[in-house]
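**Q** In the numbering used here, the protein residues as written are 1 to 274. Think of the CB as a built atom: it goes at the ideal place given N, C-alpha and C, for glycine as much as any other residue. These numbers were taken from a predicted model, which means no experiment stands behind them.
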Ligand SMILES: C[S@@+](CC[C@H](N)C(=O)[O-])C[C@H]1O[C@@H](n2cnc3c(N)ncnc32)[C@H](O)[C@@H]1O
């Protein structure tokens, strides 16, 4: 797939998720990684009950792989940008933290996600959150205008991660920071998975190796780039879970091949400063 085709496939995949015609919580999806409900998935990856209950209903589809606002030390009055905001969960949590004098902008390239997020903002009475349709490789955001950029399980889906981090650097104010949750790899994925469209949309095969990811962030100009949290899939436990069956069936692979793939996947939280 070329870059344009990749984005089309990702957009179509997430349009179905937004319409709830396909759930993150089935089959082979490392964007969530479990067959549990969105609420249970989110608790496992670091959200509290209080946070989940504070967000508008429908803002959490269990698509994240971390809780970036929990680690971003957001302050009242700050401007926050969320790359790939989906139905808006992290934007709403950030909006509560930055308060009425602050502002949150969510960017997503899937019109169905933007529509859902805007409806959630109206339902939750959020006046300090705005959702813009756009691509994270070409942000519809002014230079030097943002204090904090967050993102949750999105950059692995981009076929042009260099542009994402360069654009992120451009829109941040001097001293501004990133706090990104994402999927990276500990080693190259086997060839049988690299060409799978399902594996791409499910946040596996677009992911790059951890060292290359950190280098891409640093090459964009960021200082103090580091991993503040890291979790691997516990493969021996995971292979006995019903989701393993979903992965094997969806990707049409053997249990040994599934173990090989899952053993390469790491969920990380990465920070950096402009
Ligand atoms: C796994 S979901 C995560 C959604 C959200 N961050 C959350 O945690 O609920 C990925 C989201 O990123 C969006 N996305 C993927 N690639 C994108 C790109 N290149 N530009 C903008 N949005 C993108 C998708 O439309 C989808 O809504």
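1. By the DSSP assignment, the beta strand (DSSP E) with residue 79 in it spans what residues?
2. With hydrogens ignored, establish whether the beta-carbon of residue 135 is closer than 6 Å to any heavy atom of ligand 1.
3. From this set, 134, 219, 3, 256, which residue's C-alpha is nearest residue 272's C-alpha?
4. Any heavy atom of ligand 1 closer than 6 Å to the CB of residue 14?
5. Using DSSP with H/G/I as helix, E/B as strand and the rest coil, what is residue 226?
6. Is it a yes or a no for the stretch 112-125 touching the stretch 186-200, going by three-plus beta-carbon pairs under 8 Å?
7. Residue 210: which of 202, 225, 221 sits nearest, CA to CA?
8. Given that a residue counts as buried once 16 or more other Cβ atoms are within 10 Å of its Cβ, and exposed if not, what is residue 297?
9. Since residue 181 contacts residue 64 with CB under 8 Å, what's their CB separation in whole angstroms?
10. Are the stretch 99-112 and the stretch 76-84 in contact at 8 Å, needing three or more beta carbon pairs?
11. Would you check whether ligand 1 has a heavy atom nearer than 6 Å to the C-beta of residue 110?
12. If you follow the beta strand (DSSP E) that residue 239 is part of, which residue opens it and which one closes it?
13. Just the C-alpha distance for residue 70 and residue 48, rounded to the nearest angstrom, thanks.
14. Could you tell me if residue 17 is buried or exposed, where buried requires 16 or more neighbouring beta carbons within 10 angstroms of its beta carbon?
15. Ligand 1 and residue 73: does any heavy atom of the ligand fall closer than 6 Å to the residue's C-beta?
16. Taking all protein chains shown into account, decide if residue 104 is buried (16 or more other Cβ within 10 angstroms of its Cβ) or exposed.
17. Is the beta carbon of residue 74 sitting closer than 7 Å to the one on residue 94?
**A** A quick look at the data gives this:
1. 79-83
2. yes
3. 219
4. yes
5. strand
6. no
7. 225
8. No answer is possible for residue 297: it lies beyond the span of the chain, which begins at 1 and ends at 274.
9. 6 Å
10. yes
11. yes
12. No beta strand (DSSP E) holds residue 239; DSSP gives it neither H nor E.
13. 10 Å
14. buried
15. no
16. buried
17. yes
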